[in-house]
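J.:
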Amino acid sequence: HRAFDEIQATFAWALKLSRESLENADGATDAVEDSLHTLLCEARDGCPGQTLAEFYECMLPRLHRIVAGRNVPAEITRTGKLLRLDPATAGLPRFAFVDLFLNPATAGKAKAAYDDAVRHTEVYTLDRFGTGAIPFDLVIPGQGRGTLRLTSKMLVVMTPDPKFVKLEKPVESIQDLADVTEKAFGRCVLVGKAITLIAMLASEFVFAFHEGASQYVSQTRAMLEKLSEGGINVVAHPILRISLGSLDALQNTNRWFRLPEFLRGPFGADVVSAATLACSWKCVGEQQRQYLEKLSGVRNLASLLECLQDIRGGRWERLKEEFETVREALAPLDEKVRELNTQIAEIHKRIRAIKVEWREDEIERGVAFRSGETEKRDALGDKLAGLRSERRALTEAIKTLRKRKADEASAPAIRTARERRHAIEREAEIARLRTVREAITTSVGLEKSNRRPAAWWFPLVTPDGAWFDGLRSRVQLRLEPLI
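Numbering-wise (our numbering), the sequence shown opens with residue 173 and increments by one.
1) Which word fits residue 276, buried or exposed, when buried means at least 16 other C-beta atoms lie within 10 angstroms of its C-beta?
2) DSSP on residue 338, reduced to helix/strand/coil?
3) Please report the straight-line C-alpha distance between residue 473 and residue 603, rounded to a whole angstrom.
4) Quick check on residue 177: buried or exposed, where buried means 16 or more other Cβ atoms within 10 Å of its Cβ?
5) How is the alpha helix (DSSP H) around residue 226 delimited, first residue to last?
6) Going straight from the alpha carbon of residue 226 to that of residue 250, what length do you get?
7) How would you call residue 198, buried or exposed, if buried means at least 16 neighbouring beta carbons within 10 angstroms?
8) With residue 382 as the anchor, note down where its beta strand (DSSP E) starts and where it stops.
9) Output the distance between the C-alpha atoms of residue 426 and residue 629, rounded to the nearest integer angstrom.
10) So for residue 561, helix, strand or coil by DSSP?
11) Flag this pair as yes or no: are the beta carbons of residue 626 and residue 186 separated by less than 9 Å?
12) Taking only the alpha-carbon atoms, compute the straight-line gap between residue 643 and residue 416 and give it to the nearest angstrom.
13) Can you tell me whether DSSP reads residue 609 as helix, strand or coil?
14) Rounded to whole angstroms, how far is the Cβ of residue 635 from the Cβ of residue 204, which I believe are closer than 8 Å?
15) Which residue marks the beginning of the beta strand (DSSP E) containing residue 326, and which one marks its end?
16) Less than 9 Å between the beta carbons of residue 412 and residue 649, yes or no?
17) Can you give me the Cβ contacts of residue 428 inside the same chain, cut-off strictly under 8 Å, excluding the 5 residues immediately before and after it?
18) State the DSSP-derived secondary structure class of residue 621, mapped to helix, strand or coil.
19) Do the stretch 429 to 437 and the stretch 387 to 406 touch if we need at least three Cβ pairs shorter than 8 Å?
20) Do the CB positions of residue 589 and residue 491 come within less than 9 Å of each other?
21) Going by the DSSP bridge assignment, what does residue 616 pair with across the sheet?
22) From which residue to which residue does the alpha helix (DSSP H) around residue 444 run?
23) Determine the direct distance from the alpha carbon of residue 215 to that of residue 230, and round the result to whole angstroms.
24) Measure the CB-CB distance between residue 364 and residue 328 and report whether it falls below 9 Å.
25) Shortest alpha-carbon distance to residue 451 belongs to which of 423, 482 and 507?
26) Going by C-alpha distance, which of 515, 281 and 522 is nearest residue 560?
27) Is it true that the CB of residue 357 sits closer than 9 Å to the CB of residue 335?
28) Near residue 384, which residues of its chain fall below 6 Å by C-beta distance, leaving aside the five closest residues on each side in sequence?
29) Pull up the distance between the alpha-carbon of residue 577 and that of residue 498, whole angstroms please.
30) Secondary structure at residue 370, three-state DSSP: helix, strand or coil?
31) At 3 residues or longer, and completely inside the stretch 372 to 438: list those beta strand (DSSP E) runs for me, N to C.
32) Give me the Cβ distance between residue 479 and residue 466, rounded to the nearest whole Å; I'm assuming they're in contact under 8 Å.
33) Decide if residue 273 is buried, meaning its Cβ has at least 16 other Cβ atoms within 10 Å, or exposed.
34) Rounded to whole angstroms, what is the Cα-Cα separation between residue 496 and residue 475?
35) Rounded to a whole number of angstroms, what is the C-alpha to C-alpha distance between residue 609 and residue 494?
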């Protein structure tokens, strides 16, 4: 209940933005929007006293009904129920994978397979969690969630306030773990870390993922392959991949959309019909990817202006021409500056050589002084005086050359040209950033929207269910093996 106000406010904000994007909303749209607002309150009032997870569990069947336009037979659960660990549930297939990390006969190979699969990724290897860590978290009611660590004499749960349990005997099976944790903490929940969670549940269930879902699947597959290579056979059902094609399914609807600002440039319009969106989003996304590829090859301002001219046209053709004119005007100055810089560099080189000579002569003069070679010492003194005089002259020469550089650059015509070049450069860089942002947001955003649209969009866009029905006829399924 403490979180409800924030959830409600966030959902209201999302619905408001969604509604504002519909160009031809009507009374039916108003009714759907009201029902979606009511949805949250009904879930809160119909399932009082629940946690956040229980709230979502209670709300989902209602959301399914609104989206599908009818009751949807589905069993809704949550991790707290599905992975509850106690002596009675320890024998379920979902916990069999955990046993591989506890059984002394397989634990070493299992940990090595996990570490090999996550190495060089953002996921920590087990040594990062401490001695005896296994890739599973224990959720203790009222105490929090933490990584499990096991030694022969101690069980540690790395909750915010770590929990320590002295063991009467080593934990060598999932049944042992269930007995120890229930006795120490009561009924707990055992959750796999990222890739092990997939392996746990895939032993008993079939995951239904949309295309592109879960970045951990490839690492789970790598871990299971390592186990197989080590002679450990694991049961893992394939993943059911679901391709929705939600944007394609807009083809048979009559809705019009007011595009968000970042899509208006790529689509070349503020408002488009659903049919236009359906038939053009792939083309628009591909075009934006091509723009990114072009911009990745830009190495200087001239090539950036040429690229912007190709992508955006309009004023960039004129700015490109102006830049060429400015560059030609600054060419003589650039040549003079290069000459002066070369002279300055040569002087610095001579000054460094003088420093070396000076040090060597000072050493030799000291030797001559100690050996009583007066003439040699005097000759070296004269040479050092000459070096000192030469260094002063060279230092003055550098000051003169730098002043010439400053004078050349401060001429009114040159100053104006340089300021204009800098202004064009700033303008081009701003345009580059905006183009990159639009290209990434458009290409990636459209692809993700096509794969996984927000559920409330379906009834909001087509209260008669036309979009959802069109989506159902386009769904494609495939099996993706984990082993």
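Positions of the beta carbon are idealized from the N, C-alpha and C atoms, including for glycine.
T.: This is what the structure holds:
1) exposed
2) strand
3) 12 Å
4) exposed
5) 224 to 240
6) 8 Å
7) exposed
8) 380 to 382
9) 15 Å
10) helix
11) yes
12) 7 Å
13) helix
14) 5 Å
15) 326 to 329
16) yes
17) 194, 195, 196, 443, 444, 445 and 446
18) helix
19) no
20) no
21) Note: residue 616 sits in no beta bridge, so no partner.
22) Element bounds for residue 444: not the alpha helix (DSSP H) but the beta strand (DSSP E), 443 to 445.
23) 6 Å
24) no
25) 423
26) 522
27) yes
28) 623
29) 19 Å
30) helix
31) 380 to 382, 411 to 415 and 428 to 430
32) 5 Å
33) buried
34) 11 Å
35) 26 Å
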